[in-house]
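Data block below; observations after.
Protein chains: 2
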Amino acid sequence: MSRTVTIRDIAQHCGLSIATVSRVVNNKGAVRAETVARVEAAVSALGYRPSMAARALKTASSMTLGVIIPSLTNPVFAETAAGLQQRSRTLGYTPLILSSDYDDALELSAVETLLAYQVDGVLLTVNDAARSAALQRLDEAGVPYCLMHNVPREQITAHVGVDNFCAAAEVAERILAAGHRCIGMISGEFVRTDRARDRHAGFLSGLHQAGVQLAQLVQVDPVNATGLAQALAAIYNQPGAQPTAWFCSNDLLALATIAQLEQLGRRVPDDVSLVGFDGIQAGALRMPALTSVRTPNLEIGSTAVDTLMAQRHLSALDTGCQLSYQLVAGGTLTLLTDSPVQPLSER
Amino acid sequence: MSRTVTIRDIAQHCGLSIATVSRVVNNKGAVRAETVARVEAAVSALGYRPSMAARALKTASSMTLGVIIPSLTNPVFAETAAGLQQRSRTLGYTPLILSSDYDDALELSAVETLLAYQVDGVLLTVNDAARSAALQRLDEAGVPYCLMHNVPREQITAHVGVDNFCAAAEVAERILAAGHRCIGMISGEFVRTDRARDRHAGFLSGLHQAGVQLAQLVQVDPVNATGLAQALAAIYNQPGAQPTAWFCSNDLLALATIAQLEQLGRRVPDDVSLVGFDGIQAGALRMPALTSVRTPNLEIGSTAVDTLMAQRHLSALDTGCQLSYQLVAGGTLTLLTDSPVQPLSER
DNA sequence: CTGTTAGCGCGTTCAT
DNA sequence: ATGAACGCGCTAACAG
């Protein structure tokens, strides 16, 4: 357990002052070439690394970026984290990644933790941007931040994500175009995330454009899909509307739904069609591939870093950007052939 | 952008010295109850948070744990990260998560970064524990660490993971028991990870116990499975051994393999059987479920934290522990029925 | 019980 | 081109 080597050690080693060493380490101020070489030699010989703690204390910048995501095990956020990690590395920043488990209290305490670590900015996806204590605290502390995946309709906060409303509306069009008229939606609880709400609203809007009502709505816990099995069993084992097509507000839910449906003896897509949201790899790899809305998760992460940096350096109040999504056809949405396709009403 | 509130601010606010404030904040030393209350009131009123940077400087402990994993988008490591994150949170530590992208150079530079941030310990899964410059650097710096997933056979480093060799050998037994005799393996490149090597060696060992040779070995890039498609196409479109069963050294690879096989007109498990390794959710959700070796990823993360703490506090040289794995049956390994099952040779 | 003081390692004036 | 000295915010050791 060797004591950590400090700037003083290498100054002594070179017979120089710590000021000079600091200059060459930070490449600031004029230093004689020969001196630079001597210092650099000592640095690599002794294995010196400037202490970020001391630096943070002195410069009021820790070169870290706080990150809060709902869950690391959701591929969507894992990809986003990977994207932002890669981008921030190229900029010399180190991300401090915390997860909130879709919990408002944890979300807030994560912000407190990040504040304590004096992060230079925060990249986060909150449960609900409209009522987030975390964002309030960030505003209060004056720490710049950029939302990821949340795209608030009202506030003018920096954000990068996809237009969930429009995408969901497009999904509705696709499902209708395939001839389905008895359509259901499976979603995370609206009280939890704004994305679930936006996707629901967009989907409804898309249906209503065609004069179609949503036949079933199932809401489940977003972390472990509690209640999915019972809800589906009830729908397919009891009288009532039995959708021929479902829209799931995310791919994890879609995959779980498929498994449940098969359990109930309904095959996807032969008996029932299904569309997801996110475009995660697991959905693309299955056969037939999951029909879904692919969101550019990696890019959302990297763009969020850039947006944050723009905010910091140019002090521009960038209201954020919407990235484009892509409907991937997959094979889980098929034409409804059992009954003749009813023509859509006027649109 | 309000200036950050320091210990001095709240001392002034209370008409006390900073020492007293520090005492109540850290709950150390005797302080009058009334004073405690006054300080606490001021703390929450002004929104004070002790600066971790200053603390780290003073106490030589940053209350952070460095984490290095190959990739955030691999569910195995994402789960591990989630497990360790949760556990370290309960202990008051904040994890600093970096990924190496299976790259030795990035692995080392990640260690340097963590050292600069003065982490109190490091949890990492390294490409190859036997030749890791990262581990050397950690030893040199005297920073305690615990390996995750790597289980080195020679060194006496702390580690937590699963016995890849034995698990792979068991997979071989299962495949043989199902009657298969023409068996292939698909793996990440051996030069890259020790896990791939251990699983290969274990699988070979299991086959050899029964006097069976490995019919095909396909090695692909671990990050994007480059070369998988071509290799499989070559095998199934040209004369030569065409395995009736494959062992894939991880589930991501297994899923990709299934997709490729279907592309080639071979159905899993009707035409060819397949076993994976890891037990990721995406494999469990598909139908039929992927037969695999489930590793306790979450637990590997949390146990690694505990192992590290034991090392730090008890200064015990804990050589690490092997957690148990579990063969999950799934449905992608089926009895070979086309040809009569050949009896296994003596074992 | 409370206050004073000395650094932790570093970047940054201001001298030289 | 280089050095001396101060202080970032905090904890710990010592006084009172």
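Quick note, the sequences are listed as chains Y and S, same order.
Start counting the first sequence at 1; every next residue gets the next number (full-length UniProt numbering).
Start counting the second sequence at 1; every next residue gets the next number (full-length UniProt numbering).
From the three backbone atoms N, C-alpha and C, an ideal C-beta is built for every residue, glycine too.
Just so it is clear, the structure is predicted and the values come from calculations on it, not from any experiment.
For residue j and residue i, believed in contact at Cβ under 8 Å, the rounded distance
{"i": "residue 102 (chain Y)", "j": "residue 222 (chain Y)", "result": "5 Å"}
{"i": "residue 273 (chain S)", "j": "residue 245 (chain S)", "result": "4 Å"}
{"i": "residue 248 (chain S)", "j": "residue 276 (chain S)", "result": "5 Å"}
{"i": "residue 68 (chain S)", "j": "residue 107 (chain S)", "result": "6 Å"}
{"i": "residue 85 (chain S)", "j": "residue 99 (chain Y)", "result": "6 Å"}
{"i": "residue 179 (chain Y)", "j": "residue 335 (chain Y)", "result": "6 Å"}
{"i": "residue 294 (chain S)", "j": "residue 260 (chain S)", "result": "No, residue 294 (chain S) and residue 260 (chain S) are not in contact; Cβ-Cβ is about 23 Å, not under 8 Å."}
Residue-chain proximity (residue i, chain S), Cβ-Cβ < 7 Å
{"i": "residue 345 (chain Y)", "result": "Residue placement at residue 345 (chain Y) is flagged as unreliable, the pLDDT there being 43, under the threshold of 50; the coordinate-derived value follows with that caveat. Judged by the 7 Å Cβ criterion, residue 345 (chain Y) is not in contact with chain S."}
{"i": "residue 8 (chain Y)", "result": "no"}
{"i": "residue 230 (chain Y)", "result": "no"}
{"i": "residue 72 (chain Y)", "result": "yes"}
{"i": "residue 117 (chain Y)", "result": "yes"}
{"i": "residue 307 (chain Y)", "result": "no"}
{"i": "residue 148 (chain Y)", "result": "no"}
{"i": "residue 81 (chain Y)", "result": "yes"}
{"i": "residue 40 (chain Y)", "result": "no"}
{"i": "residue 262 (chain Y)", "result": "yes"}
Any chain Y beta carbon closer than 7 Å to residue i
{"i": "residue 97 (chain S)", "result": "yes"}
{"i": "residue 209 (chain S)", "result": "no"}
{"i": "residue 285 (chain S)", "result": "yes"}
{"i": "residue 158 (chain S)", "result": "no"}
{"i": "residue 259 (chain S)", "result": "yes"}
{"i": "residue 340 (chain S)", "result": "With a pLDDT of only 47 at residue 340 (chain S), under 50, the local geometry of the prediction cannot be trusted, and the value read off the model is given with reservation. Answer no: the Cβ-Cβ gap between residue 340 (chain S) and chain Y never drops below 7 Å."}
{"i": "residue 173 (chain S)", "result": "no"}
Backbone CA spacing between residue i and residue j [nearest angstrom]
{"i": "residue 113 (chain S)", "j": "residue 193 (chain S)", "result": "22 Å"}
{"i": "residue 24 (chain Y)", "j": "residue 37 (chain Y)", "result": "9 Å"}
{"i": "residue 206 (chain S)", "j": "residue 219 (chain Y)", "result": "47 Å"}
{"i": "residue 345 (chain Y)", "j": "residue 201 (chain Y)", "result": "Because the pLDDT of residue 345 (chain Y) is 43, which lies under 50, any placement of that residue in the model is unreliable, and the question is left without a value."}
{"i": "residue 230 (chain S)", "j": "residue 8 (chain Y)", "result": "57 Å"}
{"i": "residue 215 (chain S)", "j": "residue 128 (chain S)", "result": "26 Å"}
{"i": "residue 73 (chain Y)", "j": "residue 44 (chain S)", "result": "34 Å"}
{"i": "residue 12 (chain S)", "j": "residue 5 (chain Y)", "result": "36 Å"}
{"i": "residue 323 (chain S)", "j": "residue 96 (chain S)", "result": "24 Å"}
{"i": "residue 21 (chain Y)", "j": "residue 10 (chain Y)", "result": "8 Å"}
{"i": "residue 238 (chain S)", "j": "residue 208 (chain S)", "result": "26 Å"}
{"i": "residue 199 (chain Y)", "j": "residue 170 (chain Y)", "result": "10 Å"}
{"i": "residue 197 (chain S)", "j": "residue 333 (chain S)", "result": "23 Å"}
{"i": "residue 286 (chain Y)", "j": "residue 165 (chain S)", "result": "29 Å"}
{"i": "residue 40 (chain Y)", "j": "residue 35 (chain S)", "result": "51 Å"}
{"i": "residue 28 (chain S)", "j": "residue 19 (chain S)", "result": "11 Å"}
Per-residue contacts from residue i into chain Y (C-beta, under 9 Å)
{"i": "residue 294 (chain S)", "result": "Neighbours of residue 294 (chain S) on chain Y: none; closest Cβ ~15 Å, over 9 Å."}
{"i": "residue 51 (chain S)", "result": "56, 57, 116, 117 and 118"}
Distance CB(residue i)-CB(residue j) smaller than 7 Å
{"i": "residue 88 (chain S)", "j": "residue 305 (chain S)", "result": "yes"}
{"i": "residue 330 (chain S)", "j": "residue 289 (chain S)", "result": "yes"}
{"i": "residue 160 (chain Y)", "j": "residue 303 (chain Y)", "result": "yes"}
{"i": "residue 83 (chain Y)", "j": "residue 301 (chain Y)", "result": "yes"}
{"i": "residue 182 (chain S)", "j": "residue 241 (chain S)", "result": "yes"}
{"i": "residue 145 (chain Y)", "j": "residue 122 (chain Y)", "result": "yes"}
{"i": "residue 177 (chain Y)", "j": "residue 203 (chain Y)", "result": "no"}
{"i": "residue 116 (chain Y)", "j": "residue 49 (chain S)", "result": "yes"}
{"i": "residue 66 (chain S)", "j": "residue 151 (chain S)", "result": "no"}
{"i": "residue 53 (chain S)", "j": "residue 57 (chain Y)", "result": "yes"}
{"i": "residue 64 (chain Y)", "j": "residue 90 (chain Y)", "result": "no"}
Chain-ordered neighbours of residue i on chain S, where CB pairs are closer than 7 Å
{"i": "residue 46 (chain Y)", "result": "Those do not exist, as residue 46 (chain Y) stays about 11 Å from chain S at its closest Cβ, beyond 7 Å."}
{"i": "residue 215 (chain Y)", "result": "The premise fails here: residue 215 (chain Y) is roughly 25 Å from chain S at the closest Cβ pair, so nothing lies under 7 Å."}
{"i": "residue 62 (chain Y)", "result": "53"}
Under 9 Å by beta carbon: chain S residues contacting residue i
{"i": "residue 255 (chain Y)", "result": "281, 282, 285 and 286"}
{"i": "residue 85 (chain Y)", "result": "72, 97, 98 and 99"}
{"i": "residue 154 (chain Y)", "result": "In chain order: nothing, as chain S lies at least about 23 Å away."}
Where residue i meets chain Y, residues with beta-carbon distance less than 7 Å
{"i": "residue 78 (chain S)", "result": "72, 73 and 78"}
{"i": "residue 299 (chain S)", "result": "Here the premise fails: no neighbours, minimum Cβ distance about 14 Å."}
Partners in chain S for residue i, counting only beta-carbon separations shorter than 8 Å
{"i": "residue 94 (chain Y)", "result": "96, 98, 113 and 117"}
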